[in-house]
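Peer 1:
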Amino acid sequence: MSEFDQLYREVILDHYKNPRGHGLLEGADAEADGQNPLCGDEVSIYVAFGDDGETIDEVKFSGRGCAISQAATSMLTELVQGRSAAEVAALPRDELLEEIGIPLTPVRLKCALLGLSTLKLALHKAKGTPLPEEWAGMADELDLK
Amino acid sequence: MAVTTEAPKLDAHKLRADFAVFDELVNGKPVAFLDSAASAQKPRQVLDRMRTFYEHEYSNVHRGVYKLAERATAGYEEARQKAATFINAPSPRELIFTRSATEGLNLVAYAWGLDNLGPGDVVVASELDHHSNFVPWQFIAKRTGAEFRVIPTDAQGELHLDELDAIERAGNIKVVANNLVSNSLGTINPAERLAAWAHERGAIMVVDAAQAAPHRAIDVQALDCDFLAFSSHKLCGPSGIGALWGRSELLERMSPFNLGGHMIRQVKVEETTWGQLPYKFEAGTMPIAEAVGFGAAIDYVGGVGLDAIERHEHELVAYALERLAEIPGLVAYGPPPERRAGIVSFNLDGIHPHDVSQILDMENVAIRGGHHCTQPLMRRLGVAATNRASFYLYTIREEIDRLVDGLHKVHKVLG
Chain A
5 MSEFDQLYRE VILDHYKNPR GHGLLEGADA EADGQNPLCG DEVSIYVAFG
55 DDGETIDEVK FSGRGCAISQ AATSMLTELV QGRSAAEVAA LPRDELLEEI
105 GIPLTPVRLK CALLGLSTLK LALHKAKGTP LPEEWAGMAD ELDLK
Chain P
2 MAVTTEAPKL DAHKLRADFA VFDELVNGKP VAFLDSAASA QKPRQVLDRM
52 RTFYEHEYSN VHRGVYKLAE RATAGYEEAR QKAATFINAP SPRELIFTRS
102 ATEGLNLVAY AWGLDNLGPG DVVVASELDH HSNFVPWQFI AKRTGAEFRV
152 IPTDAQGELH LDELDAIERA GNIKVVANNL VSNSLGTINP AERLAAWAHE
202 RGAIMVVDAA QAAPHRAIDV QALDCDFLAF SSHKLCGPSG IGALWGRSEL
252 LERMSPFNLG GHMIRQVKVE ETTWGQLPYK FEAGTMPIAE AVGFGAAIDY
302 VGGVGLDAIE RHEHELVAYA LERLAEIPGL VAYGPPPERR AGIVSFNLDG
352 IHPHDVSQIL DMENVAIRGG HHCTQPLMRR LGVAATNRAS FYLYTIREEI
402 DRLVDGLHKV HKVLG
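Taken in sequence, the protein lines are chains A and P. If you're matching positions, the first sequence starts at 5 in this note's numbering and goes up one per residue. If you're matching positions, the second sequence starts at 2 in this note's numbering and goes up one per residue.
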């Protein structure tokens, strides 16, 4: 397989061109904004919980990004649907990376994980689940005091 | 530096023999290195000089009385003289070695700004500025209660100087900070005009020349600025060393920035007094061999000739803009070729710069995709990021052809 086919494999291009869960969610139960300071990309994540207030009913995202970040966030919305907030807050990043299934350099890893990291931030704000370490020390900016 | 009336040409194919990085082939081709605006490649003349210095002339500087210490000090101070001459500084005393252009700009913002700014004062930067001449001023303005104002850009990425009148109404103009060449778009800014405007209002003019110094002759006396910072790594020298030039009458009145060894006159428990220029601003052991390498890079670039480099890059920009116009859905940013240095910034409709540069890398074409440390400018352009191809004295037309071929491929697979 060529380098190109490896990185931009069909499932990635499919999620990139037809992202699942792309858009806004009115009256979301949890939401957060994330930025990738390397490239200036921004993503907003919106979460709606089910009647039990714990199960993730729907996740949507908006914002611009590269094929890797868009595809990864699109896959994420499918991956977490129907799971509990606590479970997703503890979701190992490898689970998403396996789903993405392509080799990623450290720079592209940040693209791929921006959605997950922002989702965990949204859950922290709404449910008090642990704050992911990449947001540590940023409580002031994130208005989390 | 002598100014010739007719700009001589340089032979980029011949100069490439000085850069070992082009010896390494991937699929039979060397890297098409189109990211010199981020950092330039290093010629063997610079590397050889640093190696000789480390092997035969190295010790700490301004300390020991033995022969090696004398040689090291001579090498370090010779580099200072070269850097001062390079920008036509009146005296090498006014040339302070820093760790980067960024550190030089922070030095001015802290050491001048903290003591001279307060409520009612205005610090002016621009949308074209690199974060390094933007964020320090924004921060120091906030700390001192001064206003921070920004000169906007027009649709071509040139400064909207008509806005200066509105900016002036914000208070007493105390600082005007601007880069001579925009690292994102290549725009050549009217630094002389801004310096004159600043001085008419009693303000200081702080020039970030990191992107200009490698590509065109700089004359701080003709610019009539008050401070000017540039770095070594963008002009074929090592990273970790830069230079700040400042008027001695300002530098002498300023408090030091970094405190510690070598920058003192006398230290007592009750009080410490500061050393002379430039040492007052060079605390601790400086990047000594890097300074020597910086001097060698100035010799190398000066030997090729700044006028020849400027002309070469101008031709490359004109050629690149012409070729890029072939690509469907490509939007190029920035002024016309005659008003820009060797940088071309663009976007492909609907395709993120990260994907563009990733696919180009598979063809061994290296460009930068990102915000180039100019987020306010990106916001003005209405984008998160751009693709940026930048040229230097070793760039050849074939590399631009490879860029265009690669962009056709990007368009085919992701467009």
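Glycine included, each C-beta is placed from N, C-alpha and C at the ideal position.
Any idea if Lys-149 (chain A) is buried or exposed, counting beta-carbon neighbours within 10 angstroms, 16 or more meaning buried?
Peer 2: In this prediction, Lys-149 (chain A) has a pLDDT of 43, which is less than 50 and means its spatial position is unreliable; what the coordinates show is noted afterwards. Lys-149 (chain A) is exposed by the Cβ-count criterion.
Peer 1: Residues of chain A with CB under 9 angstroms from Gln-222 (chain P), in chain order?
Peer 2: Under the 9 angstroms cutoff, chain A gives no residues; its nearest Cβ is about 38 angstroms from Gln-222 (chain P).
Peer 1: Go to Arg-150 (chain P), then tell me how far its alpha helix (DSSP H) extends in each direction, as first and last residue.
Peer 2: That residue, Arg-150 (chain P), is in no alpha helix (DSSP H); its beta strand (DSSP E) goes 148–152.
Peer 1: Within 8 angstroms of any Cβ in chain A, is that where the Cβ of Asp-356 (chain P) sits?
Peer 2: Closer than 8 angstroms: yes.
Peer 1: Go ahead and pull the three-state DSSP assignment for Lys-149 (chain A).
Peer 2: The predicted model places Lys-149 (chain A) with a pLDDT of 43, which falls under 50 and marks its position as unreliable; any figure quoted below should be read in that light. DSSP places Lys-149 (chain A) in coil when its eight states are reduced to three.
Peer 1: If we require 3 or more residues per run, which beta strand (DSSP E) segments fall completely within the region 11–39 of chain P?
Peer 2: Complete beta strand (DSSP E) runs here, min 3: none at all.
Peer 1: Residues of chain P with a CB under 9 angstroms from the CB of Tyr-12 (chain A): which are they?
Peer 2: In chain order: Asp-356, Gln-359, Ile-360, Val-414 and Leu-415.
Peer 1: Do Ala-230 (chain P) and Phe-98 (chain P) count as a contact pair if the criterion is CB distance below 8 angstroms?
Peer 2: Cβ distance not < 8 angstroms, so Phe-98 (chain P) and Ala-230 (chain P) don't count as in contact.
Peer 1: Going by the DSSP bridge assignment, what does Asp-163 (chain P) pair with across the sheet?
Peer 2: Paired residues: none, contrary to the question.
Peer 1: What does a CB cutoff of less than 8 angstroms around Leu-46 (chain P) pick up in its chain, not counting 5 residues either side in sequence?
Peer 2: According to the sequence provided, residue 46 (chain P) is Gln. The question's Leu does not apply to it. Taken in chain order, the residues that qualify are Asp-19, Ala-297, Asp-300 and Tyr-301.
Peer 1: Determine the contact status of Leu-278 (chain P) and Ile-401 (chain P), defining contact as a CB-CB distance below 8 angstroms.
Peer 2: No, the pair does not count as a contact, with Cβ atoms beyond the cut-off.
Peer 1: Alpha carbon to alpha carbon, how far is Asp-18 (chain A) from Gly-119 (chain A)? Give it in angstroms, no decimals.
Peer 2: Their Cα atoms are separated by approximately 17 angstroms.
Peer 1: Quick one: is Arg-389 (chain P) buried, meaning 16 or more other Cβ sit within 10 Å of its Cβ, or exposed?
Peer 2: Label assigned to Arg-389 (chain P): buried.
Peer 1: On the three-pair Cβ rule with 8 angstroms, is the region 214–221 of chain P touching the region 62–82 of chain P?
Peer 2: Cβ pair count under 8 angstroms is below three, so no.
Peer 1: What are the residues of the region 310–335 of chain P that lie near chain A, defined by any Cβ-Cβ distance shorter than 8 angstroms?
Peer 2: Hits within the stretch: zero.
Peer 1: Please report the straight-line C-alpha distance between Val-63 (chain A) and Ala-89 (chain A), rounded to a whole angstrom.
Peer 2: Cα-Cα distance, rounded: 12 angstroms.
Peer 1: Who pairs with Thr-228 (chain P) in a beta bridge, going by DSSP?
Peer 2: The sequence given here places Phe at residue 228 (chain P); Thr does not occur at that position. Beta-bridge pairing links Phe-228 (chain P) to P:Val-207 and P:Gly-247.
Peer 1: Note down, in chain order, every chain P residue with its Cβ under 9 angstroms from the Cβ of Leu-117 (chain A).
Peer 2: Those do not exist, as Leu-117 (chain A) stays about 14 angstroms from chain P at its closest Cβ, beyond 9 angstroms.
Peer 1: Less than 8 angstroms between CB atoms is the rule here; does Ala-39 (chain P) satisfy it with respect to chain A?
Peer 2: False, the Cβ-Cβ gap to chain A never drops below 8 angstroms.
Peer 1: Is it right to say Leu-260 (chain P) is buried, meaning 16 or more other beta carbons lie within 10 angstroms of its own, or is it exposed?
Peer 2: With fewer than 16 Cβ atoms within 10 Å of its Cβ, Leu-260 (chain P) is classed as exposed.
Peer 1: Is the Cβ-Cβ distance between Gln-452 (chain P) and Val-182 (chain P) less than 8 angstroms?
Peer 2: One cannot answer for residue 452 (chain P) here, as it falls past the ends of chain P, which runs 2 to 416.
Peer 1: Indicate whether the contact test is met: 3 or more Cβ pairs, each with one atom in the region 97–114 of chain A and one in the region 397–414 of chain P, closer than 8 angstroms.
Peer 2: The region 97–114 of chain A is not in contact with the region 397–414 of chain P.
Peer 1: Using only CA atoms, which one of P:Phe-23, P:Ala-39, P:Thr-387 and P:Arg-380 lies nearest to Val-32 (chain P)?
Peer 2: Comparing Cα-Cα distances from Val-32 (chain P) to each of P:Phe-23, P:Ala-39, P:Thr-387 and P:Arg-380, the minimum goes to P:Phe-23.
Peer 1: Note down the Cα distance separating Arg-194 (chain P) from Gln-376 (chain P), rounded to an integer number of angstroms.
Peer 2: For Arg-194 (chain P) and Gln-376 (chain P), the distance between alpha carbons rounds to 25 angstroms.
Peer 1: In this structure, does DSSP put Ala-199 (chain P) in helix, strand or coil?
Peer 2: Reduced to three states, the DSSP call for Ala-199 (chain P) is helix.
Peer 1: Would you please verify whether the beta carbon of Asp-9 (chain A) is less than 8 angstroms from any beta carbon of chain P?
Peer 2: By this cut-off, Asp-9 (chain A) is not an interface position.
Peer 1: In or out: His-14 (chain P) buried (at least 16 other Cβ within 10 Å) or exposed?
Peer 2: Classification for His-14 (chain P): exposed.
Peer 1: Have a look at P:Ile-368, P:Tyr-395, P:Leu-394 and P:Leu-404 and flag the residue whose alpha-carbon is nearest the alpha-carbon of Thr-387 (chain P).
Peer 2: Selected option, being the one with the closest Cα: P:Ile-368.
Peer 1: Under DSSP, the alpha helix (DSSP H) around Gly-114 (chain P) begins and ends at which residues?
Peer 2: Per DSSP, Gly-114 (chain P) belongs to the alpha helix (DSSP H) from 114–117.
Peer 1: Which of the three DSSP states is assigned to Lys-269 (chain P) in this structure?
Peer 2: Looking at Lys-269 (chain P) - three-state DSSP - the assignment turns out to be coil, as it is neither helix nor strand.
Peer 1: List, in chain order, every chain A residue whose beta-carbon is nearer than 9 angstroms to that of His-131 (chain P).
Peer 2: Those within 9 angstroms of His-131 (chain P) in chain A number zero; the least Cβ separation is about 14 angstroms.
Peer 1: Secondary structure at His-26 (chain A), three-state DSSP: helix, strand or coil?
Peer 2: Correct three-state label for His-26 (chain A): strand.
Peer 1: So which residues of chain A does Gln-376 (chain P) contact, with C-beta pairs closer than 8 angstroms?
Peer 2: Near Gln-376 (chain P) (Cβ distances below 8 angstroms), the residues of chain A are Gly-44.
Peer 1: Please decide whether Arg-97 (chain A) counts as near chain P, where near means a Cβ-Cβ distance under 8 angstroms.
Peer 2: Arg-97 (chain A) does not count as touching chain P.
Peer 1: Tell me, please, whether the CB atom of Gly-69 (chain A) is closer than 8 angstroms to any CB atom in chain P?
Peer 2: Judged by the 8 angstroms Cβ criterion, Gly-69 (chain A) is in contact with chain P.
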